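A.B. asks: After the structure tokens below, expect a handful of questions from me.
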Amino acid sequence: MNKEIGIHIEGLSKRYGEGATAVDALKEVNMSVAPGEVVGLIGPSGSGKTTLLKCLGAVIEPTQGRMTLGGDVIYDNGWRISDLRVLRRDSIGFIFQAPYLIPFLDVTDNVALLPMLAGRPNGEARARSLELLQALDVAHRASAQPSELSGGEQQRVSIARALANKPPVILADEPTAPLDSERALAVMRILNQMATQYHTAIIVVTHDEKIIPTFKRIYHIRDGRTFEEAGEGRALQ
Amino acid sequence: MINLAGRDILHSWSKFVLTGLGLGLLIGVTFTMAGVYRGMVDDAKVMLNNSGADLWVVQKDTLGPYAESSSIPDDIYRGILGMRGMAQAANVSYLTMQVRKGDTDVRAMVVGFEPGQPGEPSYLVAGRRITRSHYEAVADLKTGFAVGDRIRIRRHEYAVVGLTRRMVSSGGDPMIFIPLKDAQEAQFLKDNDAIVNQRARIAANPALNRPGVPGLLEAINASQTSNRNVNAVLVRVADGHSPETVAQDIRRWKHLQAFIRAQMEDILIAKLIATAARQIAMFLVILTIVSAAIVAFIIYTMTLGKIREIAVLKLIGTHNRTIAGMILQQALGLGLIGFAVGKIAATIWGPFFPRYILLEPGDAVRGFVIVMVVCTLASTLAIRAALKVDPATAIGG
């Protein structure tokens, strides 16, 4: 996998149901995100954002199209990868609206779990976890339980978890929705910083108008079709 | 790799331990029920062992003296003793009754025996053996009597001179040993009013009170007043003789029923306590099903409470077998806590039961295996629910 290429999709469609009741959730969507880039994916409810995110995350199968990740074709009118679980584990990071940390693991192990699942030794996985926690400024809470963290800290830990296996792409599903303006912008600052530092392509699905001006590039999605627009790319201090 | 089940248990250990405690008490009841059955079987075997007999000779066509009533003349043992292969033969009588103990009474089996003969308590834990012909008793500890206490049985008082242990009837009643003659009297002698009434009836019967036959009425009255019957003759077979062969001879020549040890065990265990055993078996099956349902319900509820986490775990690439393993380990962990609590509880409360509770190590091993199997089966419902979780549910709506 070539991490210099990022994620690229062409003519991706998704149809739910068959015959008269069929619904085309995605209609020949095109999208390309380079490593180190953070793009926004914006659209009203029911526009197909979540469906696109699930297709990109290899949790539902598109109906047709082509999708490459790090230069490797992962979908071309059918999955080209035999084990999607391994693909999700090693090549895609996920950040959710709520942090969804595992409540019975401490902060270090929440992040270290992914490298461990990938077969890394415990020591190496924990070292990677601490490195990311340090980068995200939550290393001082490394041994805390998720329930002991503030909302902002939890979201930073979830970002660290998404980065744990050094994936070429991270999919963020409304990561700033529960946060106030200041914290939302802080999360975007971190995502931009991490994208640059770890050379990761990040797609942020959002409704949040506070953070829309921070994107340099935005994909609008409406009725299952995307169109690209240049964003303001407001500097994040 | 992190042990997810262990971490989850540690994270919510109080909930887990309390659940395990509740399950453990249920398992403890199950163990105790099994112990009740084992105790009944053991009581029966100990009773046969302690009697020191190789053969039980009883009334023909009966399963006496424990499972059915049996009555045979008390001089018949002499004839038996004269047969080939005999070492010892002695009369015994058994009578289950309420024995006064202070202001209350205790249910006991009163055993009449001849000192030095089969049927005598095999060992004492306090006091001495019976040395007088009348009015002395040896009691089982479970009667609650102490050496020096006085027991009233029917018309007479007996002094407790010795105590024994684990001498109970197949019904679990502790035994009180008294001299055979006293026991015969206690069992068969009628009260004075009954004797007077019977004498009047005999005297009123012209066939039994003939004017021309002096002494007939007195002889009939004398024979009716005393009863020289016993319930069984216990036989000890001489070395070199087969109990089965000796029993066959007794059956053939004395027209009595004779049981060897194996037959008597079969009567006590397979017949006498069979209904109780079936009852206990039903309880065991129900308790096992209830335990399984509880484990299944608890594990299923715990799993449903983690559906979102399971979806996230699956989304980030956790293998299905890791998630199934986590649930299975939790179920087994619950079973392990339950087993430990149950075993300890049954051991603690066992001695307080009125009947002997025998907790065999083999039953504990079997119980452990059953608990683990039940927990494994019970976890399948939760595992099925977890494996059906769509990782896509972690994303969006």
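Respectively, the protein sequence lines represent chains A and B.
The first sequence lines up with residues 1 to 237 when you count with the numbering used here.
The second sequence lines up with residues 238 to 634 when you count with the numbering used here.
C-beta atoms are modelled at their ideal positions from N, C-alpha and C, and glycine is treated no differently.
These numbers were taken from a predicted model, which means no experiment stands behind them.
Can you tell me whether residue 238 (chain B) is buried or exposed? The criterion is at least 16 other CB atoms within 10 Å of its CB, across all chains shown.
C.D. replies: exposed
A.B. asks: Please report how far the alpha carbon of residue 225 (chain B) lies from the alpha carbon of residue 341 (chain B), in whole angstroms.
C.D. replies: This structure gives no information on residue 225 (chain B), because the portion of chain B shown stretches from 238 to 634.
A.B. asks: Taking any Cβ of chain B, which residues in the region 155-185 of chain A have a Cβ under 7 Å from it, in chain order?
C.D. replies: 173
A.B. asks: Just verifying my parser: in three-state terms, what is the DSSP assignment at residue 59 (chain A)?
C.D. replies: coil
A.B. asks: If you draw a straight line from the alpha carbon of residue 420 (chain B) to that of residue 253 (chain B), how long is it in whole angstroms?
C.D. replies: 58 Å
A.B. asks: Can you pull the chain A neighbours of residue 539 (chain B), defined as C-beta to C-beta under 7 Å?
C.D. replies: Result: empty, since nearest Cβ-Cβ is about 11 Å, beyond 7 Å.
A.B. asks: With C-beta atoms as the reference, is residue 639 (chain B) less than 8 Å away from residue 265 (chain B)?
C.D. replies: As shown, chain B starts at 238 and ends at 634. That puts residue 639 (chain B) outside it, with no answer to give.
A.B. asks: With a floor of 4 residues, list each alpha helix (DSSP H) that falls wholly inside the region 531-617 of chain B, ordered by position along the chain.
C.D. replies: 544-552, 557-586
A.B. asks: Taking only beta carbons into account, state which residues of the region 111-136 of chain A come closer than 8 Å to chain B, listed in chain order.
C.D. replies: Per Cβ criterion, the list reads 112, 113, 114, 116, 117, 118, 122.
A.B. asks: Would residue 571 (chain B) pass as a contact of residue 560 (chain B) if the rule is Cβ separation under 8 Å?
C.D. replies: no
A.B. asks: To the nearest angstrom, how far is the alpha carbon of residue 449 (chain B) from that of residue 440 (chain B)?
C.D. replies: 14 Å
A.B. asks: Please state if the CB of residue 152 (chain A) and the CB of residue 179 (chain A) are separated by a distance shorter than 8 Å.
C.D. replies: yes
A.B. asks: State the start and end residues of the unbroken beta strand (DSSP E) segment that holds residue 350 (chain B).
C.D. replies: 341-350
A.B. asks: Using only CA atoms, which one of B:422, B:552, B:455 lies nearest to residue 59 (chain A)?
C.D. replies: Comparing alpha carbon positions, the residue from B:422, B:552, B:455 closest to residue 59 (chain A) is B:552.
A.B. asks: Using the C-alpha atoms, what's the distance from residue 381 (chain B) back to residue 463 (chain B)?
C.D. replies: 32 Å
A.B. asks: How should residue 195 (chain A) be labelled, buried or exposed, when 16 other C-beta atoms within 10 angstroms of its C-beta is the threshold for buried?
C.D. replies: buried
A.B. asks: Out of A:206, A:108, A:31, A:61, which has the shortest C-alpha to C-alpha gap to residue 149 (chain A)?
C.D. replies: Ranking the options by Cα distance to residue 149 (chain A), first place goes to A:108.
A.B. asks: Which whole runs of the beta strand (DSSP E) in the region 58-145 of chain A are 3 residues long or more, in chain order?
C.D. replies: 64-69, 72-76, 92-95
A.B. asks: With DSSP as the reference, identify every bridge partner of residue 399 (chain B), one or two as the case may be.
C.D. replies: B:364, B:375
A.B. asks: Using the Cα positions of residue 522 (chain B) and residue 620 (chain B), report the straight-line distance between them to the nearest angstrom.
C.D. replies: 24 Å
A.B. asks: Going by the CB atoms, is the gap between residue 129 (chain A) and residue 164 (chain A) shorter than 8 Å?
C.D. replies: yes
A.B. asks: Can you tell me which residues form a DSSP beta bridge with residue 14 (chain A)?
C.D. replies: A:26
A.B. asks: Leaving out the 5 sequence neighbours to the left and right, which residues in its chain are closer than 7 Å to residue 557 (chain B) when beta-carbon positions are compared?
C.D. replies: Excluding positions up to five away in sequence, the list reads 624.
A.B. asks: Which of helix, strand or coil does DSSP assign to residue 669 (chain B)?
C.D. replies: With chain B running from 238 to 634 in the structure shown, residue 669 (chain B) is simply not present.
A.B. asks: Is it buried or exposed, residue 89 (chain A), if we count other Cβ atoms within 10 angstroms and call 16 or more buried?
C.D. replies: buried
A.B. asks: Got a sec: which bits of the region 44-70 of chain A sit with their beta carbon under 7 Å from any beta carbon on chain B, in order along the chain?
C.D. replies: 50, 53, 54, 57, 59, 60
A.B. asks: With 7 Å as the C-beta to C-beta threshold (strictly closer), list the residues of the region 7-21 of chain A near chain B in chain order.
C.D. replies: none
A.B. asks: Please tell me whether residue 187 (chain A) and residue 176 (chain A) are closer than 8 Å, where the distance is taken between their beta carbons.
C.D. replies: Contact: yes.
A.B. asks: If you draw a straight line from the C-alpha of residue 437 (chain B) to the C-alpha of residue 394 (chain B), how long is it?
C.D. replies: 30 Å
A.B. asks: Using a Cβ-Cβ cut-off of less than 9 Å, give me the residues of the region 143-155 of chain A that come near chain B, in sequence order.
C.D. replies: 145
A.B. asks: Apply the 10 Å Cβ neighbour rule to residue 480 (chain B) and answer buried if 16 or more other Cβ atoms are within range, or exposed otherwise.
C.D. replies: buried
A.B. asks: Across the region 582-598 of chain B and the region 269-278 of chain B, are there enough close Cβ pairs to call them in contact, namely three or more that are closer than 8 Å?
C.D. replies: yes
A.B. asks: Just checking: is the beta-carbon of residue 89 (chain A) within a distance shorter than 8 Å of some beta-carbon in chain B?
C.D. replies: yes
A.B. asks: Using the beta-carbon count (16 or more within 10 Å), is residue 7 (chain A) buried or exposed?
C.D. replies: Buried.
A.B. asks: Within a Cβ cutoff of 8 Å, which residues of the same chain sit near residue 139 (chain A), ignoring the five residues on either side of it in sequence?
C.D. replies: 130, 133
A.B. asks: Do residue 330 (chain B) and residue 417 (chain B) have their beta-carbon atoms positioned less than 8 Å apart in this structure?
C.D. replies: yes
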